[in-house]
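Participant: Structure provided below as structure tokens; questions to follow.
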Amino acid sequence: MKRSAIFAFLLFAAACLVVGCNGGTVVNGYSTYTGGNIRAGKALLQAYGCGACHVIPGVPDAHGLVGPPLYFWSRRTYIAGELPNTPDNLVKWIESPPSVEPGTAMPTLGVSQQQARDMAAYLYTIR
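Counting in this note's numbering, the sequence shown runs from 18 upward without gaps.
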């Protein structure tokens, strides 16, 4: 087996282990996995209009078909096909998608790091 194939397998296995955490534990509505408030994250996803482009389970009026549906988010291996699905990477993606994937159709919405953590906290509840 080639080294690159072994490396790809190990990277995939590590990402699966991270995703297997399924969002950590919840204490008073906060995810220990992201440091975000789950309820606030759901409200922010709605307020920023994320549902205009994405289907987001549990978020009212989130039936968009421009971006990918966010079903089973906590089980996904990659974010935008570019980054392993980890809390820090998801926060980075939500804050500034073009810094991760230049030319992406997903806009920078101007959310703060804490707002991105809140949004990520909600997304990781989608199993």
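We treat Cβ as the ideally placed atom computed from N, Cα and C, and that holds for glycine. Bear in mind that the values here come from a model prediction, so they are computed numbers and not experimental data.
1. Does DSSP classify residue 126 as helix, strand or coil?
2. Determine the direct distance from the alpha carbon of residue 56 to that of residue 46, and round the result to whole angstroms.
3. Please list, in chain order, all residues of the same chain as residue 100 whose beta carbon is under 7 Å from its beta carbon, the five residues on each side excluded.
4. Could you give the residue range of the alpha helix (DSSP H) that holds residue 112?
5. Cβ atoms of residue 135 and residue 146: under 9 Å apart, would you say?
6. What's the C-alpha gap between residue 141 and residue 90?
7. Mind listing, in chain order, the continuous alpha helix (DSSP H) runs of no fewer than 4 residues lying wholly within the stretch 51-121?
8. Between the Cα of residue 48 and those of 87, 77, 83, 104, spot the shortest distance and give me the residue it belongs to.
Facilitator: Checking against the coordinates, here is how it stands:
1. coil
2. 7 Å
3. Closer than 7 Å at the Cβ level, and outside the excluded window around residue 100, lie 106, 110, 117.
4. 104-112
5. Residue 146 cannot be examined here, being either before or after the span of the chain that is shown, 18 to 144.
6. 6 Å
7. 55-64, 104-112, 114-117
8. 104
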